Amino acid sequence: MKGATLVAIAATIGNFLQGWDNATIAGAVVYIKKELQLGAAVEGLIVAMSLIGATVITTCSGTISDWIGRRPMLILSSLFYFLSGLIMLWSPNVYVLLLARLLDGFGIGLAVTLVPLYISETAPSEIRGLLNTLPQFTGSGGMFLAYCMIFGMSLTPSPSWRLMLGVLSIPSLLYFVLTVLFLPESPRWLVSKGKMLEAKSVLQKLRGREDVSGEMALLVEGLVVGGETSIEEYIIGPADELDENQDPSVDKDRIKLYGPEEGLSWVARPVTGQSRISLVSRQGSMVNQSIPLMDPLVTLFGSVHEKLPETGSMRSMLFPNFGSMFSTAEPHVKNEEWDEESLQREGEGYTSEIGDGDSDDNLHSPLISRQNTSMEKDMVNPQSHGSILSMRRHSTLNAGEAVGSMGIGGGWQLAWKWSEREGEDGTKEGGFKRIYLHQEGTHGHGSRRGSLVSIPGGDGPVDGEFIQAAALVSQPALYSKELMDQRPIGPAMVHPSEAASKAPRLAALLEPGVKRALMVGIGIQILQQFSGINGVLYYTPQILQQAGVGVLLSNLGLGSDSASFLISAFTNFLMLPCIAIAMRFMDIAGRRYLLLRTIPVLVISLVVLVIGNVIDLGTVAHAVISTICVVLYFCTFVMGYGPIPNILCSEIFPTMVRGICIAICSLVFWICDVIVTYSLPVMLSSIGLAGVFGIYAIVCVISFVFIFLKVPETKGMPLEVITEFFAVGAKQAAKQEQ
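Under this note's numbering, think of the first position of the sequence shown as 19, with each following residue one higher.
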């Protein structure tokens, strides 16, 4: 995962610059108003101009990024940062300074909106949360370093605010170089535009391996927005190994599953009864759940992550068994009819994309081909039977390890099923559907004997072993091309060129799953902003000075301005290890878990601050308690409520509308930021500091209730699976409301 990690670190320099700017303007404005003799209104406008710029650019950033790509927008962000730094360094008057602050806001808005989106689209699902917490870490790191710089400059006889602000252009130049020379385009965006070869090349570099066929197929399937999704359950095993003693009369219930790699197929039988641990049975009991107002989405997502009785977590039992099954399933035997057709494929338009360097935008060649087996590869030149998703493999495995896999992350597997039925005239009709598979446990007596499948070239499976899996079933984004007569050996499917050529569809925003996701994203962004972070951040020096900490530092020979800068630097320094802890647990404990454990600490710290401002606790006690509460609030906030709203918003929307949906959530974020920032002075004059913190505490309680009832757990799940779950959950919620 080295490639994805380095790319994420490079992208988050934009958030480092945001943190740097926030700190430098907080320090520089002290000297700006003295030199330019500004009133309170103009002083506030200088600080707020970046907020205005971020709000303005956010209104169109998502739509444009869906149109021209994520990478060009990040390059544009670095240019805005660089130009604004140079102009602020020059600034002859307040009007030029305001223009520079506006450009700076453009850079901030693009970085805050698109960096989480970019990381989510490039990161593996297993470490997506960790990498998406990096923006919080680099932002706080930028604030810490900037406050250290300002503190040092404040000790000089005549600090230069122009130099404080202009230093921004130095790291922004590094950001520009990295975005131009190092950052690749998002593979999901490339797939949405039909640039398949480029997307495949980017994925190979990000993942550090040649075989990315399963993830490429996943990215193509993620283009579908809407459609009917159902939850089904199967017993799955290799061909001829599904229950040896099964009555032949039930063969009609069997279906074939196909993966994106050559020679891989399985037999599956639908489960008609209920399983004690299946998603199907859980879905059936959702209506009767014990917690009122709990969104079915939360229950549905939780059913994947919860511990299973006596067997540990799903993922722990899934990786050694389920994943190996789909990696090492023995290729089906040579079929004479298929061999005959395979020799004719070139004449049928199934040309190879691999051998054509100019075919990047060619959407007519199959992405998933009717694959030849390892036996056939010795007879036919494999170069003429290529598929963009198919990686050429040798007929043997190195050291018994699987070369390829259908795994798409988080214990999920992607496959397609062929189902058929007899028509009224006796002819057989059929079609392909996409399924996302997740192991649900054992079948029968719950025992698992030996390996699930045979390793190619080894002994066959013993006693007909198989697995039980839950599946999200829906129509594929790929569509079939010239399917074989009767029972196909494998799917021949091509890229949906019509979908690739269309701009993001605003109608998709009205899909039930997308609307549900928007409700979660907008709701958590609003509540985050009104939970008090800006108020506590803006008034930290005042709070600590009232507590006596400022007086203590003044006794060390520091001026009040220098003391406040040092306090702010120290507070940001303490945040860094806390964010590092959150990064460690973001993909282990999960987003929802961290939110539900950290928000109560925010409530407690705010309540204690209120008490400290209402009741006389004594000078020393007041100083100690207030300092502890402020530091605790900041450190707890950056572990949960700081990074997670942006992480969630980057995960829960479909590829085709992800940019515009994240822009909507970011726009809400910036509007609420402006409201909170400018309502603070009015609220302080009317209800005082204790009243303001009391309101923040109430909002934090509301946030806890909202997250508990409405926000699902998304850790470790592929983005495309998350959007499918939102579609299913929205459908289930609609049934409950009827």
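By construction, the Cβ of each residue, glycine as well, lies at the ideal position given by its N, Cα and C atoms.
Just so you know, these numbers come straight off a predicted model, no measurement behind them.
Residues bridged to residue i (per DSSP)
i, result
"His456", "Trp430 and Ala488"
"Phe450", "Trp436"
"Ala286", "Ile254 and Ile273"
"Ser248", "Val491"
"Gly425", "Gln431"
Rounded straight-line distance, which links the Cα of residue j to that of residue i
i, j, result
"Lys728", "Trp108", "49 Å"
"Val719", "Val621", "7 Å"
"Ile757", "Val686", "This structure gives no information on residue 757, because the portion of the chain shown stretches from 19 to 756."
"Val632", "Asn552", "21 Å"
"Ala286", "Val491", "13 Å"
"Thr732", "Lys52", "49 Å"
"Ala235", "Thr247", "18 Å"
"Val554", "Asp579", "18 Å"
"Gly127", "Ile70", "9 Å"
"Leu635", "Ala72", "42 Å"
"Tyr611", "Val114", "46 Å"
"Val243", "Glu203", "22 Å"
"Met167", "Leu627", "30 Å"
"Ile713", "Lys211", "47 Å"
"Phe124", "Pro661", "21 Å"
"Thr741", "Ile670", "6 Å"
"Leu192", "Thr42", "19 Å"
"Leu613", "Gly658", "5 Å"
"Leu35", "Pro134", "15 Å"
"Ile137", "Pro205", "11 Å"
"Leu576", "Gly147", "41 Å"
"Phe724", "Pro618", "13 Å"
"Leu186", "Ala164", "10 Å"
"Phe484", "Trp284", "10 Å"
"Asp503", "Lys218", "Low per-residue confidence applies at Asp503: pLDDT is 45, beneath 50, and the placement is therefore not dependable, though the value from the model is reported in the following sentence. Looking at the two C-alpha atoms, the distance is approximately 31 Å."
"Pro310", "Pro494", "35 Å"
"Gly427", "Leu94", "32 Å"
"Ala587", "Met161", "7 Å"
"Leu97", "Ala681", "20 Å"
Outcome for residue i when other beta-carbon atoms lying within 10 angstroms are tallied against a minimum of 16
i, result
"Leu275", "buried"
"Gly170", "exposed"
"Glu228", "exposed"
"Tyr252", "buried"
"Gln457", "buried"
"Met537", "exposed"
"Asn111", "exposed"
"Phe200", "exposed"
"Ala129", "buried"
"Glu500", "Note that Glu500 scores 49 on pLDDT, short of 50, meaning its location in the model is unreliable and no value can be drawn from it."
"Gln543", "buried"
"Thr174", "exposed"
"Tyr99", "buried"
Simplified DSSP assignment, three categories, for residue i
i, result
"Leu56", "coil"
"Glu742", "helix"
"Met312", "coil"
"Ala28", "helix"
"Asn664", "helix"
"Thr645", "helix"
"Asp634", "coil"
"Gly709", "helix"
"Lys733", "coil"
"Leu528", "helix"
"Asn552", "helix"
"Met604", "coil"
"Phe671", "coil"
"Pro153", "helix"
"Pro110", "coil"
"Lys20", "helix"
"Ala118", "helix"
"Tyr765", "Any answer about residue 765 is impossible in this case: the structure gives the chain only from 19 up to 756."
"Ala141", "coil"
"Tyr99", "helix"
"Tyr659", "coil"
"Leu576", "coil"
Cβ-heavy atom distance, residue i to the ligand NAP, below 7 Å
i, result
"Ala745", "By its list of ligands, the structure shown contains no ligand whatsoever, and the ligand NAP lies outside what it can speak to."
Test: residue i CB closer than 8 Å to a CB of chain D
i, result
"Gly539", "This model lacks chain D altogether, as it is built from one protein chain only."
Open item on the list: Restricting to runs no shorter than 4 residues, where is the alpha helix (DSSP H) found entirely within the region 158-246?
Closed with: 179-184, 187-199, 205-210, 214-225 and 231-239
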